[in-house]
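So the structure is just underneath, and the comments pick up after that.
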Amino acid sequence: MTRSYRFISEHRAVFGVTRLCRVLGVRRPGFYEWLAATPTRAERAADDERLAAEIGEVHACHRGAYGRPRIVATLRRRGRRVNHKRVGRVMRERGVVGLTRASNAPRWSMR
Numbered sequence: 095m096t097r098s099y100r101f102i103s104e105h106r107a108v109f110g111v112t113r114l115c116r117v118l119g120v121r122r123p124g125f126y127e128w129l130a131a132t133p134t135r136a137e138r139a140a141d142d143e144r145l146a147a148e149i150g151e152v153h154a155c156h157r158g159a160y161g162r163p164r165i166v167a168t169l170r171r172r173g174r175r176v177n178h179k180r181v182g183r184v185m186r187e188r189g190v191v192g193l194t195r196a197s198n199a200p201r202w203s204m205r
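Remember, my numbering sits 94 above the position in the sequence shown when you count from 1.
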């Protein structure tokens, strides 16, 4: 969809929105909704970059040991309101992962 909307946006002066939407099989109101949301997407992308910098800082501060739950808790303690799913998405997009315990590593000692 995004590719179609982008194509319509680039060529609407020549062919008209109605004709392009009909040819590409997309709804005209859907195109205008996408067009209206463009500034919001840019703001969200910029905020994601700032969040990624904070995530990287927390991750590096704890030598790569912290995963999503601990990073979310740390950011919230610092006063940043974040959603755990958003932090997970930003981490996944940038390849940031925490350390995982080996499956056979003991979780406690019986001494």
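A virtual CB, placed ideally from N, CA and C, is assigned to each residue, including glycine.
Rounded C-alpha distance that separates G182 from R175: Taking the straight line joining both Cα atoms gives about 14 Å.
Cα separation between P133 and A139? Cα to Cα, P133 sits roughly 10 Å from A139.
Use the C-beta contact count for H153: other C-beta atoms within 10 angstroms, 16 or more gives buried, fewer gives exposed. So H153 ends up on the buried side.
What distance in whole Å lies between the Cβ atoms of G158 and G192, which are believed to be in contact at a cut-off of 8 Å? Approximately 7 Å separates the beta-carbon atoms of G192 and G158; this is inside 8 Å, confirming the contact.
Does DSSP put H153 in a helix, in a strand, or in coil? Three-state result, H153: helix.
Does the distance from the CB of R121 to the CB of L114 come in under 9 Å? When the beta-carbon positions are compared, R121 and L114 stay at least 9 Å from each other.
Work out the CA separation of R171 and R195 for me, nearest whole Å. R195 and R171: Cα-Cα distance of roughly 25 Å.
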